[in-house]
Amino acid sequence: MVSGSTLMLQLLLSRIFSVTTWYHVSFLVISIAMFGMTLGALKVYRGDAKAQRATIAQLASRYSFFFALAIPATAIAVLTIPIVDAKVVVTLVFLPTVAFLTSVPFYFSGFVIALCLTRSTFKVSAVYGYDLVGAAAGCISALALMEVLDTPSALLVLAAAPALAGLCFAKSAQTGPVAVSGVRWTSMSAAAVLLAGLGMLNGALPAPLIYPMFPKGTWTPQSALELDRWNSISRVTILREEKDTVPFNWGPSATMPQTLRSSYRQLIIDGNAGTPQVRFDGSDLSSLEHLSYDITTLAYRLPNLKRAAIIGLGGGRDVLAAKYFGVSEVVALDVNGIQVDLLRNDPEARGYTGFDKLQNVSLIHDEARSWMSRNAEPFDIIQMSLVDTWAATAVGAFALTENGLYTIEGWRIILDDLTPGGVFTVSRWLDFEGTAQTGRILALAAATLLDRGVTSPVAHIFLAGTHGAHRNVSTLVVSLDPLTQAQLDVLHATTEELDFNVLASPRGTSANPAFQEIVAATTPGQLAEATRRDFLKLFPPTDAQPFFFNQAPLDRPVELWRLAHSGRGAIAGHAAASMNLLAVIAISLLAVTAIILLPLWRALGRVETSVLAAGSGYFFLIGLGFMLIEISLLQCMGLYLGHPSFGLAIVLFSLILFTGLGSLASGRVTLASTARIGLWAAVTAGYFLLLGLWMLGWFATLAELSMGSRAMMCALLTAPGGFLLGFGFPTGMALCQTRSGRITPWLWGINGAAGVLGSAVALASNIIFGLDTTLILGALCYAALPIATLPLIRKPGTELPPIARVVLATSSDT
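Each number in our numbering comes from the position in the sequence shown (counting from 1) with 9 added on.
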């Protein structure tokens, strides 16, 4: 129960952090959990082993109870403290504070788990088996709990589990219904019931009392919300209606009549991703006239559009636009089940938007790439207008749900779903001070066309942008076939009529030199050269580097700092996010050094230098390597499954379960010789090298599989590697303990420190080098392990091989 609660807490907190902070910070919950659990485990190792064995049940009971109390306390802190702010300095104060508070429950759970594993009189294999069953079940249970309760309420309900675990430990103490180390059974029972009851009550209230008060640093009272719903991938809220006001257009035309009025309400995803729900009576299409003055609907002016697909249902606005322009059949896709359910099943939402009266409209809850891979009926137009979350766009978009829709592999699938002469239209933000997102979608279109064998992309592309509007937006129209003269006549005439700018067209050169060079490229080499001329990253994203929105170069901190303070809207947010990530790496390094490594070093005492250096190197490599592999698998499989939350749950479930099975197997198949360790390291490194080289290709080939089949495939791919990784920690610990028992706490600290740093380093590596390269780097960490084990295996008095002496001398000096 404690182990399962720990994993569930990690997943629930990552969902909370996605609402209260930016998506890339949510991945750092892994580091926070490891940091807290490492401190708890080290407390066990620094304690009196004999006394701990004598009072193990009482200690486990007490710390389980503390774990239960810490969960709601941490939840309240995470939900009420404004963690991020537009000012980086403010974030640097609040983020470490919340990170420390978040680590507290993991400290207590780490203490209980380490106590049971190392001080129990039961067989380690049995204790570890229950630990693994709980951990693996926790991954899946978290997803299930988030589907039936809002995540803040789920945190309160979760707190009941470790309280009940405290009862189990108290029962095993055989002390009767009296005090167990100062905590009464009745108190634990009451706490469990109270916490579960509070969670259920909070979830049942029309306006929950416990909710994220500062999503993305902005104060949002419940009184401002019409609706507040959660699931395992998002929090969706709807704000109060704006009545009879200036219509909401993403890229408005200056020619829109001032008399036009509209009512709408904002649908917000994860605290800062806004999309409008337009009020429509379901019959009078003329009331939607304002949609025709939005640049995002430019392509609907084209002739012969009978069947449309919309990627990103949102609040249903694009469906209404398609119907306004006379498209007879519309299919709308969204990976978020809440948004689909609102417009498909909720009477109030359907009545407000007129969806209860629309004909030939299909709403599909699925990931677009996977669905389109299976779709057999092509479309005349496929629209993807500003499909992202502002939360992602403004700070670098480390979330991968939408990024998978902005890669060459993704666009290849989408373009293949068009009828002959059909068009794919994409709208993105336009930055007149640079090329930014518009330049990148232009490069992505050119790269995809070149990939499909098109020799002159310029003949297939039309690009227009708003002219000095409040919101600067561009719209791209691209086709696998050359745009016809009739299509170009309509696009040019509409652009002139609505006072938009033509940014690229087969009929003329672009006023922007960067745009012109991109569309003029006729080979991948020319395109690569054109996208290198801008400071911002314009190269076409691939599934290996799917961070479309992250255009600020992470490896150029000086330019990053300047750009973060430039005030250039979303692109400044990109740079601020990258600066935050670098700051998190620095803070993590400071924290593990000051709190874990320095205290342990002082308590280390005299240990043979060769053993200390080799053991430190070994546990640093497995800690770093494991996190590089885990984070790259999480993000890669999250991309394939359609959302990071799915990748987190499925990968953690399979990885934890099979790593544990590997650890259990290491007790029977010991790696006590150089040959065995070398063979194990080679097989482990080789497996992940193969995954790094081939996995993304497999995913692209098997994109048409159902969600269940894709999840099973991810679990099966993770399982063999997890089993091999499970040999690493117990093997190293056994080798070091035979040389010096005093070194154990230090090795735990090194491994924990490497893991804490590793998650942030892995994120940075994924952005700079790619998901596949990070996986390969993790594999190389394991390939280097035999060198680190040589001083631990050699018999006293024997001489080390030359390469081992060099590595040992270098690590000792460091």
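All residues carry an ideal CB built from backbone N, CA and C; glycine is no exception.
Practice problem: Taking all protein chains shown into account, decide if residue 316 is buried (16 or more other Cβ within 10 angstroms of its Cβ) or exposed. | Solution: By the 10 Å Cβ count, residue 316 comes out buried.
Quiz item: Which same chain residues, not among the five before or five after residue 627, have their C-beta less than 7 Å away from its C-beta?
Solution: Exclusion of the five residues before and after residue 627 leaves 741, 794, 797, 798 as the residues of its chain whose Cβ lies within less than 7 Å of its Cβ.
Quiz item: Whose C-alpha, out of 113, 296, 59, 300, is nearest the C-alpha of residue 82?
Solution: Proximity to residue 82 across 113, 296, 59, 300 peaks at 113, based on C-alpha coordinates.
Quiz item: Run through DSSP, which three-state label would residue 556 get?
Solution: Under the three-state reduction of DSSP, residue 556 is assigned to coil, being neither helix nor strand.
Quiz item: Looking at the structure shown, is residue 225 part of a helix, part of a strand, or coil, going by DSSP?
Solution: Helix, per DSSP.
Quiz item: So residue 274 is in the beta strand (DSSP E); what residue range does that whole segment cover?
Solution: First-last of the beta strand (DSSP E) with residue 274: 271-278.
Self-check item: N-terminal and C-terminal residue of the beta strand (DSSP E) that residue 252 is part of
Solution: Looking at the DSSP string, the run of the beta strand (DSSP E) that includes residue 252 is 251-254.
Quiz item: Considering residue 75, what are the terminal residues of the alpha helix (DSSP H) in which it resides?
Solution: That run of the alpha helix (DSSP H) goes 65-89.
Quiz item: When the Cβ atoms of the region 293-313 are set against those of the region 381-396, are three or more pairs found closer than 8 Å?
Solution: Flag = yes, the region 293-313 and the region 381-396 touch.
Practice problem: Please name the residue in 136, 256, 281, 214 whose C-alpha comes closest to that of residue 227. | Solution: Put simply, of 136, 256, 281, 214 the residue whose alpha carbon is nearest the alpha carbon of residue 227 is 281.
Practice problem: Would you decide whether residue 329 is buried or exposed? Buried here means 16 or more other CB atoms lie within 10 Å of its CB. | Solution: Label assigned to residue 329: buried.
Exercise. May I have the straight-line CA-CA distance separating residue 116 from residue 123, to the nearest angstrom?
Key: Answer to the nearest angstrom: the Cα atoms are 11 Å apart.
Quiz item: What's the gap between the Cα of residue 125 and the Cα of residue 558?
Solution: Looking at the two C-alpha atoms, the distance is approximately 45 Å.
Quiz item: Do residue 240 and residue 346 come within 8 Å of each other at the CB atom, strictly closer than that value?
Solution: Result yes, Cβ atoms of residue 346 and residue 240 sit closer than 8 Å.
Quiz item: Taking the C-alpha atoms as reference points, what is the distance between residue 640 and residue 801?
Solution: Going by the C-alpha atoms only, they are around 30 Å apart.
Self-check item: Per DSSP, cross-strand counterpart(s) of residue 392
Solution: DSSP lists 319, 434 as partners of residue 392.
Exercise. Taking only the alpha-carbon atoms, compute the straight-line gap between residue 12 and residue 702 and give it to the nearest angstrom.
Key: If I take the Cα positions, the gap works out to 34 Å.
Exercise. Compare the C-alpha of residue 383 against each of 39, 731, 714 and name the closest.
Key: For the residues 39, 731, 714, the minimum Cα distance to residue 383 belongs to 714.
Self-check item: Sub-8 Å separation of residue 396 and residue 488 beta-carbons
Solution: In this structure, residue 488 does not lie closer than 8 Å to residue 396 by Cβ.
Quiz prompt | Residue nearest to residue 721 in terms of C-alpha spacing, selected from 656, 385, 683 | solution = Measuring C-alpha to C-alpha distances from residue 721 to each of 656, 385, 683 identifies 656 as the nearest.
Quiz item: Looking only at DSSP bridge pairs, what is residue 473 linked to?
Solution: BP columns for residue 473 point to 484, 511.
Quiz item: Residues bridged to residue 237 by DSSP?
Solution: BP columns for residue 237 point to 246.
Self-check item: Three or more C-beta pairs below 8 Å linking the region 459-472 and the region 271-290
Solution: Verdict: no, contact absent.
Exercise. State the CB to CB distance for the pair residue 2 and residue 90, rounded to an integer number of angstroms; the pair is presumed to be in contact (CB under 8 Å).
Key: Only positions 10 to 823 of the chain appear in this structure, which leaves residue 2 out of reach.
Quiz item: Is it right to say residue 26 is buried, meaning 16 or more other beta carbons lie within 10 angstroms of its own, or is it exposed?
Solution: The residue in question, residue 26, is buried, as its Cβ has 16 or more Cβ neighbours within 10 Å.
Quiz item: Which class does residue 30 belong to by DSSP, given the choice of helix, strand or coil?
Solution: In the structure shown, residue 30 sits in coil (DSSP, three-state: anything other than H, G, I, E or B).
Self-check item: Neighbourhood of residue 208 by C-beta distance below 6 Å, restricted to the same chain and skipping five residues each side
Solution: Within its own chain, the residues whose Cβ lies closer than 6 Å to the Cβ of residue 208, once the five positions on either side in sequence are excluded, are 162, 165, 166, listed in chain order.
Self-check item: Neighbour-count burial assignment, residue 332, 16 or more Cβ in a 10 Å radius
Solution: With 16 or more other Cβ atoms within 10 Å, it is buried.
Quiz item: With distances taken from CA atoms, which of 448, 727, 585, 373 is nearest residue 513?
Solution: Cα-wise, what sits closest to residue 513 is 448.
Self-check item: Counted within 10 angstroms of its Cβ, other Cβ atoms place residue 510 as buried (16 or more) or exposed
Solution: Residue 510 should be labelled buried.
Quiz item: Expressed to the nearest angstrom, what Euclidean distance is found between the alpha-carbon atoms of residue 8 and residue 537?
Solution: Any question about residue 8 goes unanswered here, given that the chain covers just 10 to 823.
Quiz prompt | From 319, 349, 176, residue whose alpha carbon lies closest to that of residue 339 | solution = The candidate whose alpha carbon is nearest that of residue 339 is 319.
Practice problem: Decide if residue 706 is buried, meaning its Cβ has at least 16 other Cβ atoms within 10 Å, or exposed. | Solution: Exposed.
Quiz item: Is there contact here, the region 258-267 with the region 679-693, by at least three beta-carbon pairs under 8 Å?
Solution: Taking 8 Å as the limit for Cβ pairs, the verdict is that the region 679-693 does not touch the region 258-267.
Quiz item: What residue does the alpha helix (DSSP H) around residue 266 start on, and which one ends it?
Solution: Where residue 266 is concerned, there is no enclosing alpha helix (DSSP H), given that its DSSP letter is neither H nor E.
Quiz item: Beta carbon of residue 672, beta carbon of residue 629: below 8 Å?
Solution: No, these two residues do not count as a Cβ contact at 8 Å.
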